[in-house]
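Numbering (this note's numbering), first residue to last: 15 to 446.
For each residue, glycine too, the CB sits at the ideal point set by N, CA and C.
What you are looking at is a predicted structure, and each value in this text was computed from that prediction instead of being measured.
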Ligand code: GDP
Ligand code: IMO
Ligand code: MG
């Protein structure tokens, strides 16, 4: 019986999960997404071409590897269909090596309407949702009113759909949302619905399975499974900066419920962090920089959302948040991405603790959103060198290694690899 290894983000998302999953895929037989949906934007780069995936696992470019969309994932059929078309344009045919759980829930066009209505109703307190319908679709799942992928094969699908859509429109109207004026990609709800319904045909062409049996059988056969996280630990529904979070369990625990595997099957947990920190949307971000350095990180790091195009907020690496994420996930290995963005920096800072009401703490407080948090920063000398000349971790500049050692010391987790460019080839693995 083999184990499920996990790869997930330790910050507020966009740590480089897609790239690293693609790099690790040759070591695995199956790559499986366990939560989230089209709110994710996972970027892969190779042979000078950039690919962005939203719902499809990042192992899809490896033809001989199987990819699974697990029961914990949300599927928006029209976005899924676009993603499939984009792959086909690149001569990748995903129907062969992508299986989809019948238990994955569907995002309806009216979930997206409700997402927009909820955000508008929140006014200044809005979350900055990706407007893909994530919150409302998971709400229906938990309320036991959702529609699942397997339902599209049933005779009463249209009836269920119409009933749910009707309820969503009533709710949006109660929130005083202008349903008539609502647009998705310039289309009215009715226009978009036509496309959405057509795209169900694409979905039907895939192997729709009971993925919990499939994955467990793979493990029994000794196949290696990698679970690919979306979002980040600080966006977790339970432990993130609630309510400025997403609506799923983004941590290792989510792998068990999102794929149907027992806790005892979890193997290595690889946690990814950028060498600095970013966040898109609203919510607390203690190390955020509002100055020229923050601007430089955004520009040099191309910190613009892969799903929404929004500029990401940037700041220094946050150790209290990372330690929290390592604890929640049981991280066994760290992967650090994007130190190359700071190659020209004279100094690089690390937040080692928070000062809250004149008291030092290294814990994330319950009042994370309300209290004023001053980051306690320690400074490191910049390495002032290009990194893509290094052929191994050990060849990285000593000053960067000092920074990385401090990161290991403070999180208590060993770094297994460092990524130094968006390209697949630039990942430096640490000697065992
Ligand atoms: P994900 O959501 O965690 O998969 O991350 P995103 O794809 O949303 O954002 C990560 C961005 O950083 C993408 O544009 C990647 O191409 C890029 N990236 C990943 N690793 C590195 C790295 O080591 N250096 C640089 N400069 N860019 C990277
Ligand atoms: P990947 O997988 C970064 C953020 C949104 C918003 C909050 C709630 O690419 O790392 P939602 O649409 O989920 O209801 O939005 O969560 N968010 C992400 N931020 N990366 C992501 O995914 C995100 N998915 C959601 O910006 O603040
Ligand atoms: Mg992303």
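Residue environment for residue 176: exposed (fewer than 16 other C-beta atoms within 10 angstroms of its C-beta).
Within the chosen limit of 8 angstroms, the ligand IMO does not reach the beta carbon of residue 109 with any heavy atom.
For residue 56, the beta-bridge partners assigned by DSSP are 67.
Separation of the CB atoms of residue 248 and residue 349 is rounded to 17 angstroms, and the pair is thereby denied contact status at 8 angstroms. Where residue 419 is concerned, the enclosing alpha helix (DSSP H) starts and stops at 412-425. For the pair of segments examined, the segment 256-269 was found to touch the segment 15-27: the number of CB pairs separated by less than 8 angstroms reaches three. For residue 396 and residue 415, the gap between their C-alpha atoms comes out near 11 angstroms. Per the DSSP secondary-structure output, residue 368 pairs in a beta bridge with 375 and 389.
Of all alpha-carbon atoms in 198, 390, 337 and 227, the one lying nearest the alpha-carbon of residue 366 is that of 390. Across the set 155, 62 and 333, the C-alpha of 333 shows the shortest separation from the C-alpha of residue 420. Relative to the non-hydrogen atoms of the ligand IMO, the Cβ of residue 59 never comes closer than 8 angstroms to any of them.
Contiguous beta strand (DSSP E) elements confined to the segment 239-279 occur at 239-242, taking only those with 3 or more residues. About 7 angstroms separates the Cβ atoms of residue 56 and residue 66, confirming a contact at the 8 angstroms cut-off. Checking the 8 angstroms criterion, the Cβ of residue 351 is within range of a heavy atom belonging to the ligand GDP.
In the structure shown, residue 345 adopts coil according to DSSP, grouped into three states. Here DSSP, grouped into helix, strand and coil, assigns residue 122 to coil.
Under the Cβ criterion (8 angstroms, minimum of three pairs), the segment 401-410 does not count as touching the segment 317-324. In this structure, residue 213 places its C-beta atom within 9 angstroms of the C-beta atom of residue 94.
The continuous stretches of alpha helix (DSSP H) do not include residue 77, and DSSP gives it neither H nor E.
Selection around the ligand MG by beta-carbon proximity, strictly under 5 angstroms to any non-hydrogen atom, yields 28, 55 and 320 in chain order.
Cβ-Cβ distances below 6 angstroms link residue 241 to 18, 20, 46, 48 and 269 in the same chain, with the five nearest sequence neighbours on each side left out; the list follows chain order. Below 8 angstroms, enough C-beta pairs join the segment 286-301 and the segment 374-390 to call them touching: three or more. For residue 302, the three-state secondary structure derived from DSSP is strand. Per DSSP, the continuous beta strand (DSSP E) segment holding residue 292 begins and ends at 291-293. Counted as a single uninterrupted DSSP element, the beta strand (DSSP E) harbouring residue 45 occupies residues 44-47. For the options 273, 312, 181 and 74, the alpha carbon positioned closest to that of residue 111 is the one of 74. A residue is called buried when at least 16 other Cβ atoms come within 10 angstroms of its Cβ; residue 196 meets this threshold and is buried. By the Cβ neighbour-count rule, residue 169 is exposed, with fewer than 16 other Cβ atoms within 10 Å of its own. For residue 53, the CB falls within less than 8 angstroms of some heavy atom of the ligand IMO. Set against 8 angstroms, the gap from the CB of residue 347 to the closest heavy atom of the ligand IMO is not smaller. In this chain, the beta strand (DSSP E) harbouring residue 115 covers 112-115.
With a cutoff of 8 angstroms, residue 31 counts as near the ligand IMO, since its C-beta is closer than that to a heavy atom of the ligand. Taking C-beta atoms as the reference points, residue 289 and residue 193 fail to come closer than 9 angstroms. Fewer than three Cβ pairs drawn from the segment 81-97 and the segment 180-193 lie within less than 8 angstroms of each other, which leaves the two stretches out of contact.
For residue 327, the enclosing beta strand (DSSP E) stretches over residues 327-329. Taking non-hydrogen atoms of the ligand IMO into account, the C-beta of residue 36 is found less than 8 angstroms away from none of them.
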